[in-house]
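Visitor:
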Amino acid sequence: MNVLVSLNWLKNYVDIGTITPEQLAEKITKSGIEVEGIEYVAETSKDVVVGYVKECEKHPNADKLNLCQVDVGDEILQIVCGAPNIQQGQKVAVAKPGAVLPGNFKIKKVKLRGIESNGMICSLQELGIQDKYVPKDIADGIFVFPQDVTVGEDVTALLNLNDAILELGLTPNRADCLSMLGVAYEVAAILDKPINLPEEKVITSGEDTHDFVSVSVANAELNPYYGAFMIKDVQVKPSPLWMRNHLIAAGIRPINNIVDITNYVLLEYGQPLHAFDYDRLQSNEIVVRRADENETIVTLDDQERNLTREHLVITNGREPVAIAGVMGGANTEVVNDTTTILLEAAYFAPTSVRKAVKDTGLRSESSTRFEKGVDPNRVNRAGVRACQLFEQYADGTVLSNAVVFDKLDRSEKEVDVNTSEINNRLGTNITTEEIGHILAKLRFQYEKNGDEFNVKIPTRRGDITIFEDMLEEVARIYGYDNLPYTLPNGVSQAGALTERQQLKRQVKNFMQGVGLMETISYSLTRQDYVTKLISPEINKSNPVPVRLAMPMSEDHKYLRLSILPELLHTVSYNRARNQTSISYYELGSIFTSQEEILTKQPNEQLRLSGVLSGLWTEHEWQQEKKAVDFYVVKGLVEGLFNFLEIPVTFEQTKLTDMHPGRCATVSIGDQVIGFIGQVHPKLEKAMDLNETYVFDINMETVLELYDNVPRYYQIPKYPSTTRDIAFVLDRTVLAGDVKKVIEETGAPLVKDIQIFDVYMGEHLQEDKKSIAYRLLYQDPERTLKDEEVEESYQTIIAAVNDKFNAYVRS
Amino acid sequence: MKEQLEAIQAEALERVAETSQIKELQAIRVAYLGKKGSLTGVLRGMGKLSKEERPIVGEIANRVRESITQAIDQKNERLEEQALEKQLEKEAIDVTLPGRPIQVGGPHLLTKIVEEIEDLFIGMGFEVREGPEVETDYFNFEALNLPKDHPARDMQDSFYITNELLLRTHTSPVQARTMREYDGNKPVKMICPGKVYRRDTDDATHSHQFTQIEGLYVDKDVRMSDLKGILDVFAKKMFGADREIRLRPSFFPFTEPSVEMDISCKVCNGEGCSVCKGTGWIEILGAGMVHPKVLEMAGYDSSVYTGFAFGMGPDRIAMLKYGIDDIRQFYTNDRRFLKQYHNA
Ligand SMILES: [Zn+2]
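Which chain is which? The protein sequence lines are A and B, in order.
Here the first sequence stands for residues 1 to 810, numbered as in the working numbering.
Here the second sequence stands for residues 1001 to 1344, numbered as in the working numbering.
Right, dumping it as structure tokens:
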């Protein structure tokens, strides 16, 4: 929520002295409202003055040009002008030779089609006013001054070209600064200056408004105040130059005096007003009520709007003539021949306006202010202020006794503060006198009793309701720069990561140490990804993908059930950029639920996933290349669990989306905690990947099982011996199964079993393979005898031969 | 015999001097000093000498043996050294060829920033708390003084799953959960990092998923000056001892008073430049004193307990610190991007 503040306009209410716009901006920012920008209307040039077009005739050599004699006070200049709206008798802005216009446009004496031209008659755009603020009827022409300006006068001040405009970024609590008066209060408090408020004064006629209109409100809770003012005999024409300047500075395009005056008061008081053409209202009553279902209205922008019971409308007793606080109807709009105005000054409750804005998409300067809540004590005053301006600038006659429906609470809330509490909360030593002074600067009334203040909060500051709000007011005017730097007095405690957090970091360090890069990918994924590469133990629980109610895009619609699909997506992304060797890991949550419609939070499970593709190691000039394969990934996972000292087992498995012959589950005991393997070549092809391997581990179980206490193992005192055996086996026999038998049979003397050779080929039958195991024998208590080892060795051979139909390879 | 011995010596030494082969040297040793060697042969004839002559000739013989042995040994050593030198010369390699690349992994830049901030606050006695990414409406909004009809919680801005569940829009619900867990009678000193989600279209400065770290300190008699002090320590450790901080009033529903913290711009040292948009200051985080309603809802007596909270975006901090101009880089995981920051 941003608002543009013209400093020239602001000066009407506060004497800001000689402070520069930059200095003022800095002060405003530091005490509460961020100034997001400063804009100077135009670089001004001394040599642009008011000129009187004494003569204007066709250029002898060009149809579209005029030859003008222009009185600029001290001389008459002959100027060639191409504007379609130039006429004899106008007062115009003349850039004399030597003038420099915005964009470093230098004005010189020139010859145009053979005729000398000594200057330029300017449009507003040429003087630096943005296109969008230039009134539509002169969008393609020069600007024409009202007749009361003095010939030869510098146009800079007349056109407000010397203004600086501050753009304030308002936080939602500071809607009071959606008005010039609100900003004036703020600036006056910051600069400690007096404030000059406009005096609403109007001379009313003998006619009574009540004879022309009645007001009834059916829903006082949505519309606690409705004031109807009548102004007769108005003349629709351009508004005064100063008013147009102010509107342009505030970012509003001038239209005509009636519209401009309501906009001007809206900007000045923060109170939206609406002017109806009384004659076009064709009724002498105003009825405010909820719209009927399916009722419609054609709004000012000529759009038909559908209404519901949730919308509040202003009616003429028969049909809606405005959506309350949002927009008026087209058929009661003020037009050029309007003579009688019914002016609405009302308080509409934020909720109904917010609803109507949301349903119609009509957000305007008016609705924004109603949505934030306007000052209850300014509603009527704004109406009177507008009447005053209608009287002065639209030749109108204001009728006496405005018709008012009034159930509005205008009372001021009270908040108690005291000096010691303020200092305790801020850590300061502000004196009672200083606090009194701060309240005075803010123009908050208070009663003081010792160091206790009973503060009456002005209704313009609806954001202040509790002690802490007052604390903020005092602190920000006192200045946050003046707060001391302290550290809390509380009992100090040692901070530390929990064991779980420490272990997470260790796992990350391990992964990075063995060469994997950490990634962070999106938790929200696509429909075709969310069902892919889900770990078997997750799949077994029949998870239902969690879907967003209103996704922003198809790419981020479901909460992930596996980190892998998005990881594969990044591999594909990298591959398209010639980054073909990838080894990534990610530690993050997946979200599982069994509910079609969630009634509780999904289970969030931490998983460690990784993806490897391309080369694992490479030394080019030595022609050494090692592509990633199953055993690289398995080695990583084994390495991790060795590091964590948690034993895991791998078992061959078949999973959708995984290579049927290169995939294994990972288990702790009989609990499956994840899987490793190669992505199915069909999926690889679909995702534009080359051979790609993945792993995916449930870290929750790992974190639970991990025992953080370091263990101490006695280094064995007695020597060990090794024995090698090579078995010839059917190719279908798994090395791990043989190892299990060796383990069981060899216990307790066999302490370690390593596979050191696997052979298939010409020296064996086609369906056979040989696997060589190295067995380590050791007893912690004594030196083993050869006979014992030999006996165990023979038992193992017998057991393996028996179980797998194997024989020892000689 | 003496002449004979001296002749043997002369001949042997000459041969030793001439040879350049270790094998030949070996042969020389055998030829003169071996069991069947010429010196041995001469000495065998010593028995024929008189008693008087024997010791004299014996001494000469020993001298000759020693001299030959020494010459052979010396020559042997020299030849071996030469041979080794030759061998090593042959083994010489081109040291300018590239070595075997080692596989380098590393953390994500956001993880580095988050862990740096975690460690900093742990050092000041804070604990690190985590919480669910799918939150209840209550903990994400209501418990933080954002009741259902609050204008600041438009459905459009959050990823709702049902009316009651949504992807958390900040990590503040972890604070609300922690306070509730502590049951209103224990000081809270925590930070909570994590992923958060907003209903934004991804572009250079917006991401529907980003990272946040929030902090909370609740105790008896916590003052706003304590917030300023803690933030100053944080800013100086994180951004450099020469950084200044400034607090500006702001607004958040869950704190009152609320502030935003800027640090003096490192690029221009406060003079004003394009990085700080000419202000000399860079906005880093939002903070404030915990709103009494938030304390009360979590079970803390707000007349006894006060506290402060702060929140910041590691994505933004990383972008500022390293001049990264597109937030999407953090989540695209381009290998070249990830690699850049491994030793940052
Ligand atoms: Zn700077």
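A virtual CB, placed ideally from N, CA and C, is assigned to each residue, including glycine.
Could you tell me which chain A residues have their CB closer than 7 Å to the CB of Asp1152 of chain B, listed as they occur along the chain?
Guide: Reading off the sequence, residue 1152 of chain B comes out as Ala, not Asp. Those within 7 Å of Ala1152 of chain B in chain A are Pro172.
Visitor: For His1291 of chain B, which option in A:Leu158, A:Leu764, A:Ile195 and A:Phe467 has the closest C-alpha, if you only look at C-alpha atoms?
Guide: Among A:Leu158, A:Leu764, A:Ile195 and A:Phe467, the Cα nearest to that of His1291 of chain B belongs to A:Phe467.
Visitor: Are the beta-carbon atoms of Ala726 of chain A and Ile771 of chain A separated by less than 8 Å?
Guide: The answer is yes: Cβ separation under 8 Å.
Visitor: Using a 10 Å radius around the Cβ and a threshold of 16 neighbouring Cβ atoms, would you call Arg460 of chain A buried or exposed?
Guide: By the neighbour-count rule (16 or more Cβ atoms within 10 Å), Arg460 of chain A is buried.
Visitor: Grouping DSSP H, G and I as helix and E and B as strand, with all else coil, what is Phe1121 of chain B?
Guide: Helix, per DSSP.
Visitor: Does Ala496 of chain A have its Cβ less than 8 Å from a Cβ in chain B?
Guide: Cβ-Cβ to chain B under 8 Å: yes for Ala496 of chain A.
Visitor: If you reduce the DSSP assignment to three classes, tell me which class Tyr269 of chain A lands in.
Guide: Of the three classes helix, strand and coil, the one that applies to Tyr269 of chain A here is helix, per DSSP.
Visitor: Which same chain residues, not among the five before or five after Phe1252 of chain B, have their C-beta less than 8 Å away from its C-beta?
Guide: Ser1258, Gly1286 and Gly1288, listed in sequence order.
Visitor: May I ask you to check if the CB of Gly1280 of chain B is nearer than 7 Å to at least one heavy atom of ligand 1?
Guide: Answer for Gly1280 of chain B: yes, Cβ within range of ligand 1.
Visitor: Output the residue ranges of the beta strand (DSSP E) runs that lie fully inside the stretch 364-409 of chain A and measure 3 residues or longer, sorted by chain position.
Guide: Taking only runs of at least 3 residues, the beta strand (DSSP E) segments lying wholly in the stretch 364-409 of chain A are 397-400 and 403-406.
Visitor: By a C-beta neighbour count over all protein chains shown, 10 Å radius and 16 as the cutoff for buried, is Asn817 of chain A buried or exposed?
Guide: Absent from the structure is residue 817 of chain A, since the part of chain A shown begins at 1 and ends at 810.
Visitor: Within the 8 Å Cβ cut-off, does Pro1292 of chain B reach chain A?
Guide: Judged by the 8 Å Cβ criterion, Pro1292 of chain B is in contact with chain A.
Visitor: Go ahead and pull the three-state DSSP assignment for Ser352 of chain A.
Guide: Correct three-state label for Ser352 of chain A: helix.
Visitor: Who are Ser667 of chain A's beta bridge partners in DSSP?
Guide: Partner(s): A:Thr649 and A:Val672.
Visitor: Answer yes or no: does any C-beta atom of chain A fall closer than 8 Å to that of Asn1295 of chain B?
Guide: According to the sequence as given, residue 1295 of chain B is Leu; it is not Asn. Closer than 8 Å: no.
Visitor: Quick check: is any heavy atom of ligand 1 less than 7 Å from the C-beta of Gly1272 of chain B?
Guide: It does: the Cβ of Gly1272 of chain B is within 7 Å (strictly closer) of some heavy atom of ligand 1.
Visitor: Is any beta-carbon of chain B found at less than 8 Å from that of Asp9 of chain A?
Guide: Looking at the sequence provided, one finds Trp at residue 9 of chain A rather than Asp. Cβ-Cβ to chain B under 8 Å: no for Trp9 of chain A.
Visitor: Using a 10 Å radius around the Cβ and a threshold of 16 neighbouring Cβ atoms, would you call Val1016 of chain B buried or exposed?
Guide: Classification for Val1016 of chain B: buried.
Visitor: Could you check which residue in A:Pro716, A:Thr20, A:Arg289 and A:Asn380 has the C-alpha nearest to that of Glu781 of chain A?
Guide: With distances taken between Cα atoms, Glu781 of chain A lies closest to A:Pro716.
Visitor: Taking 8 Å as the cut-off, decide whether the C-beta atoms of Phe370 of chain A and Val321 of chain A are in contact.
Guide: Not a contact, by the Cβ cut-off of 8 Å.
Visitor: Which residues in chain A sit within 8 Å of Tyr1160 of chain B, going by Cβ to Cβ distance?
Guide: Result: Leu548, Ala549 and Met550.
Visitor: Please report the straight-line C-alpha distance between Pro146 of chain A and Leu241 of chain A, rounded to a whole angstrom.
Guide: Spanning the two alpha carbons is a distance of roughly 8 Å.
Visitor: Go through its chain and collect everything with a Cβ distance to Ile258 of chain A's Cβ below 8 Å, but skip five positions before and after it.
Guide: Cβ neighbours of Ile258 of chain A beyond the five flanking positions: Val234, Val236, Ala275, Val334, Thr338, Ile341, Phe390 and Ala394.
Visitor: So does Val1128 of chain B have its beta carbon nearer than 7 Å to some heavy atom of ligand 1?
Guide: No, the Cβ of Val1128 of chain B stays beyond 7 Å of every heavy atom of ligand 1.
Visitor: Just the C-alpha distance for Gly669 of chain A and Glu472 of chain A, rounded to the nearest angstrom, thanks.
Guide: Rounded to whole angstroms, Gly669 of chain A to Glu472 of chain A spans 60 Å at the Cα level.
Visitor: Return the residue from the list A:Gln493, A:His556, A:Lys769 and A:Tyr706 that minimises the CA-CA distance to Lys1189 of chain B.
Guide: Closest option to Lys1189 of chain B, Cα to Cα, is A:Gln493.
Visitor: If the cut is a Cβ gap below 7 Å, which residues of chain A does Met1312 of chain B touch?
Guide: Here the premise fails: no neighbours, minimum Cβ distance about 17 Å.
Visitor: Hey, Arg1243 of chain B and Ser1264 of chain B: beta-carbon distance below 8 Å or not?
Guide: Taking 8 Å as the Cβ cut-off, Arg1243 of chain B and Ser1264 of chain B qualify as a contacting pair.
Visitor: With DSSP collapsed to three states, give me the class of Met230 of chain A.
Guide: Looking at Met230 of chain A - three-state DSSP - the assignment turns out to be strand.
Visitor: So, for Gly1278 of chain B: in the same chain, excluding its five sequence neighbours on each side, which residues have a beta-carbon less than 7 Å away from its beta-carbon?
Guide: Same-chain partners within the cutoff: Gly1272.
Visitor: Would you grab the beta carbon distance between Ser562 of chain A and Ile534 of chain A for me? Rounded to a whole angstrom, and I think it's under 8 Å.
Guide: With a Cβ gap of about 5 Å, Ser562 of chain A and Ile534 of chain A count as contacting.
Visitor: Taking Cβ-Cβ distances below 8 Å as the criterion, which residues of the stretch 514-535 of chain A are in contact with chain B?
Guide: Those residues of the stretch 514-535 of chain A that come within reach of chain B (Cβ to Cβ, closer than 8 Å) are Val514, Gly515, Leu516, Met517, Glu518, Thr519, Ile520, Ser521, Tyr522, Ser523 and Leu524.
Visitor: Quick check on the DSSP output: what are the complete alpha helix (DSSP H) runs of length 4 or more inside the stretch 492-541 of chain A, in order along the chain?
Guide: Segments of the alpha helix (DSSP H) lying fully in the stretch 492-541 of chain A: 499-513, 527-530 and 536-539.
Visitor: Please classify Ala475 of chain A: is it buried, with 16 or more other beta-carbons within 10 angstroms of its beta-carbon, or exposed?
Guide: Counting Cβ neighbours within 10 Å, Ala475 of chain A comes out buried, since at least 16 surround it.
Visitor: Please confirm if the stretch 1292-1302 of chain B is in contact with the stretch 1313-1324 of chain B, defined as three or more CB-CB distances below 8 Å between the two stretches.
Guide: Taking 8 Å as the limit for Cβ pairs, the verdict is that the stretch 1313-1324 of chain B does not touch the stretch 1292-1302 of chain B.
Visitor: Does the stretch 728-738 of chain A come within contact of the stretch 572-582 of chain A, defined as at least 3 CB pairs closer than 8 Å?
Guide: No contact exists between the stretch 728-738 of chain A and the stretch 572-582 of chain A.
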